[in-house]
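Asks: Here it is, the structure in full.
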Amino acid sequence: MEPPTTIRKTSKDALNDMMDQKKRTDNRNHIIKEAGKGYFSDLNATRRHGGKTWIAPTVMIREDKSLYFPDVLGSALDGSGKKHTTDMCKGRISIVSMLSSKISEIHVAGFTGATHARFSSHPLYTPVSINLQENLLKSFLVSLFLSSIRKQVAPDLHATYLVSGQNMEYVREPLGLVNKHVGYVYLLDENLKVRWAGCADAKPEEARALESCTSVLLDRLQKKVEGKDAVPPQP
């Protein structure tokens with residue numbers, strides 16, 4: 001995956017993609033793969049094993065082995081308009097939570113509760129929640145209940161809570177974001193690379209690992225910032 005950018009593709013870029021044989025082949029293979037999945041496959045997987053497709057690592061993913069987190073555009077819950085995750089997370093240590101349902105909120109809270117309580121006041125820490133609704137009807141329904149969502153989310157988190165309808169199909173597999181019914185958590189370094197990830201129900205050792213890895217990244221970045229005598233502004 002390439003470094004994320006807030007610049008959207010032009011019609012010329014889209015045309016070039018259409019003319020690219022490799023990209024056409026990749027798109028066709030992706031469509032065939034998705035068409036072969038049953039409509040309720042994600043839901044059935046959730047019922048069988050809670051939708052947990054991997055156990056989170058106990059240590060950080062090496063920087064040279066980690067992927068960039070893609071740019072996601074969404075509307076902030078505080079009413080400040082559209083925001084890009086790239087702008088929000090660049091130069092900071094961020095925990096990005098992917099939400100799509102009530103159960104996913106429970107999953108995410110299990111991972112992030114202790115970490116957020118410990119680091120919420122740290123000037124280099126940013127918690128980002130993305131309420132991802134790729135289904136147009138569901139996205140519309142969520143937009144109708146924004147006031148209700150605001151009441152459920154702590155006011156200090158409204159500025160970094162995004163509601164997005166962005167299509168994530170082509171980045172789901174690289175990110176392990178394979179079940180649309182469960183919650184996912186990604187720890188990003190200041191360069192927007194995924195250094196740790198977890199999904200579905202959090203095991204105690206997974207939650208501890210997230211807290212530990214977050215602490216390490218914050219300490220490292222703090223030392224860099226102190227050397228440069230500059231702290232990036234809060235998003």
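For the sequence shown, the UniProt record's numbering assigns the number 1 to the initial residue and increments by one for each residue that follows.
Glycine included, C-beta positions come from ideal geometry on N, C-alpha and C.
1) Mind checking which residues open and close the beta strand (DSSP E) that includes L221?
2) Name, in chain order, the residues that DSSP records as bridge partners for P127.
3) Count the C-beta pairs between the region 177 to 184 and the region 89 to 101 that are closer than 8 Å, then say yes if the count reaches three, no if not.
4) For N135, count neighbouring C-beta atoms within 10 Å of its own C-beta (all shown protein chains included) and say buried if the count is 16 or more, exposed if not.
5) Where does Y186 land, buried or exposed, given buried means 16+ other C-beta within 10 angstroms?
6) Apart from the five residues on each side of it in sequence, which residues of its chain come closer than 6 Å, Cβ to Cβ, to I61?
7) Just to confirm, are Y161 and A76 a CB contact at a threshold of 9 Å?
8) So within the region 159 to 189, which uninterrupted alpha helix (DSSP H) runs reach at least 4 residues, ignoring any that extend past its ends?
9) Could you check which residue in E105, F111, H122 has the C-alpha nearest to that of R92?
10) Quick check: the Cα distance between L218 and A114, rounded to an integer number of angstroms?
11) Between the C-alpha atoms of F119 and I7, what's the straight-line distance to the nearest angstrom?
12) What's the call for P204, buried or exposed, on a 16-neighbour Cβ count within 10 Å?
13) List the DSSP bridge partners of S196.
14) Indicate the three-state DSSP secondary structure (helix, strand or coil) for G74 in the structure shown.
15) With a CB to CB cut of under 8 Å and the five nearest residues on each side skipped, what residues in its chain are close to S164?
16) Between C199 and T53, which are expected to be in contact by the criterion C-beta below 8 Å, what is the C-beta distance as a whole number of angstroms?
17) With distances taken from CA atoms, which of S66, C89, D78, E190 is nearest Q222?
18) Under a three-way DSSP split, which group does H84 fall into?
19) To the nearest angstrom, how far is the alpha carbon of Q166 from that of P70?
20) Alpha carbon to alpha carbon, how far is L188 from K224? Give it in angstroms, no decimals.
21) Measuring alpha carbon to alpha carbon, tell me which of C213, D156, E105, C89 ends up nearest residue 275.
22) Once the 5 residues before and after K228 are set aside, which same chain residues still bring their CB inside 6 Å of it?
Replies: On the basis of the coordinates in this document:
1) Unbroken run through L221 is the alpha helix (DSSP H), 204 to 228; no beta strand (DSSP E).
2) For P127, the beta-bridge partners assigned by DSSP are I95.
3) With a cut-off of 8 Å, the region 89 to 101 and the region 177 to 184 count as touching, because enough Cβ pairs lie within range.
4) By the 16-neighbour rule on beta-carbons within 10 angstroms, N135 is exposed.
5) By the 10 Å Cβ count, Y186 comes out buried.
6) Excluding the 5 residues flanking it on each side, I61 has same chain C-beta neighbours closer than 6 Å at R195, in chain order.
7) Against a cut-off of 9 Å, the Cβ pair of A76 and Y161 comes out as a contact.
8) As far as the region 159 to 189 is concerned, its whole alpha helix (DSSP H) runs of at least 4 residues are 169 to 175.
9) It is H122.
10) The straight-line gap from Cα to Cα measures roughly 15 Å.
11) Cα to Cα, the separation comes out at about 31 Å.
12) So P204 ends up on the exposed side.
13) Position check: residue 196 holds Trp in this sequence, whereas Ser was assumed. In the DSSP output, where bridge partners are listed per residue, W196 has L187.
14) G74: strand per DSSP, three-state reduction.
15) Non-local beta-carbon contacts of S164 in its own chain, meaning distances under 8 Å to residues more than five positions away in sequence, involve V72, L73, G74, S75, I130, N131, L132, Q133 in chain order.
16) Confirmed, about 6 Å.
17) Answer by Cα proximity: E190.
18) Strand at H84.
19) When only Cα atoms are considered, Q166 and P70 end up about 11 Å apart.
20) Straight through space, the alpha carbons of L188 and K224 are spaced by roughly 16 Å.
21) Because the chain here runs from 1 to 235, residue 275 falls outside it and cannot be looked at.
22) Excluding sequence neighbours, K228 sits near nothing in its chain.
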